[in-house]
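This report refers to the structure that appears directly beneath it.
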Amino acid sequence: MTAAPPPGLDRLLSDPTRLAIMSVLSAVDWCDFAFLRDAVSLSDSALSKQLTTLRTNGHIEQQRKYLGRVPKTSIRATEDGRRRFLGHVEALRDIVERTPRPHDS
238 MTAAPPPGLD RLLSDPTRLA IMSVLSAVDW CDFAFLRDAV SLSDSALSKQ
288 LTTLRTNGHI EQQRKYLGRV PKTSIRATED GRRRFLGHVE ALRDIVERTP
338 RPHDS
């Protein structure tokens, strides 16, 4: 029988890439696409795919503006997304803290 996962775990954030994205976005107000792409070491297409998943599930929002003819995409964590990320991190800490350790000899 397996123990129930602690409350607060967000299955969407079990993916290390999405966890890394939310970690960056939780540390800033808004960030541009290029900064985020470089921070998490993803290609444009891989980051776009992950952002679509996070946006669809309410974790992030995106704004697209044009500087002349050049598109600029900005991304931020929603309040709900930030709350879910922090809850997920806390749940991971709880798992680590509850893990039995061998006794010292």
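Per my numbering, the sequence shown starts with residue 238, numbered consecutively. Note that the Cβ used here is the ideal one computed from N, Cα and C, for glycine as well.
Between which two residues does the alpha helix (DSSP H) harbouring residue i extend?
| i | result |
| --- | --- |
| Pro308 | Taken as a continuous stretch (DSSP letters only), Pro308 belongs to no alpha helix (DSSP H), being part of the beta strand (DSSP E) at Val307 to Ala314. |
| Gly253 | One detail in the question is off: residue 253 reads as Pro in this sequence, not Gly. From DSSP, the alpha helix (DSSP H) with Pro253 extends over Pro253 to Ser263. |
| Asp292 | Position check: residue 292 holds Arg in this sequence, whereas Asp was assumed. Residues Asp281 to Thr293. |
Span of the beta strand (DSSP E) holding residue i?
| i | result |
| --- | --- |
| Leu304 | Ile297 to Leu304 |
Output needed for residue i: all residues of its chain with C-beta closer than 8 Å, excluding positions within five of it in sequence on either side, in chain order.
| i | result |
| --- | --- |
| Arg292 | Glu298 and Gln299 |
Quickly, what does DSSP pair residue i with across the bridge? List them, please.
| i | result |
| --- | --- |
| Asp269 | Ser311 |
Kindly indicate which three-state DSSP category residue i falls into: helix, strand or coil?
| i | result |
| --- | --- |
| Leu246 | coil |
| His340 | coil |
State yes or no: is the C-beta of residue i nearer than 6 Å to some heavy atom of the ligand COA?
| i | result |
| --- | --- |
| Arg301 | No copy of the ligand COA appears in this structure; indeed no ligand is present at all. |
Tell me which residues share the same chain as residue i and place their Cβ nearer than 6 Å to its Cβ, disregarding the 5 neighbours each side in the sequence.
| i | result |
| --- | --- |
| Ser263 | Ala314, Arg319 and Phe322 |
> Taking one C-beta from the region 314 to 330 and one from the region 272 to 282 each time, how about it: are there three or more such pairs within less than 8 Å?
Replying inline: As far as the Cβ criterion goes, the region 314 to 330 does not touch the region 272 to 282, which means the pair count is below three.
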